[in-house]
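Down below is the structure, laid out as structure tokens.
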Amino acid sequence: MSFKAILLLAYSLAFPGYISVYYLRGGEKQIYMKKSVDEQVFEIIDEMYNSLSKKEDTDPEIIKTLMTAGIYLSEKKSAPQIIASKTVNGILLANTVSKSKLDETNWKRLKQLIMLAKTEGFQGSPLGPTDPRAQF
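Each residue of the sequence shown is one higher than the last, beginning at 179 in my numbering.
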């Protein structure tokens, strides 16, 4: 048994439901490890920050919102779903006020944050993922 197979077996025993195995056409196996919501939100925010901070025409409020979200995630100040919602609202508000535009890739990332906030949170909260009251 290879090291990778042993590692995947250990993960599947320690975290049931964390690893999924998909069979592709031709019988080839593809192993997919699910990421936690916290990891997904952090990755999206990090990718957006890295992409937008390099562009000169990016509104500073968007960069500030992304930095605040990263700090909140790293310090675990709130649930990742709430942080995703506040990030979405901060970016949408900055876009509305400054008339700045996001590129196609970052709009897709913003949509992913909205979906994470919708599907993973707010069941018991009166606030929705795009409620303007949810801000940093």
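Virtual Cβ for every residue (Gly too), placed ideally from N, Cα, C.
Check, Outcome
"Please confirm whether LEU294 and THR265 have their CB atoms less than 8 Å apart.", "no"
"Is SER263 closer than 8 Å to ALA272 when the C-beta atoms are compared?", "no"
"Check whether the stretch 274 to 291 touches the stretch 214 to 230, counting contact only when three or more Cβ pairs, one atom from each stretch, lie closer than 8 Å.", "yes"
"Below 8 Å on the Cβ atoms is my guess for LEU251 versus ASP216; work out the distance and round it to an integer in Å.", "7 Å"
"Is THR236 buried or exposed, if buried means 16 or more other CB atoms sit within 10 Å of its CB?", "buried"
"Decide if PRO258 is buried, meaning its Cβ has at least 16 other Cβ atoms within 10 Å, or exposed.", "buried"
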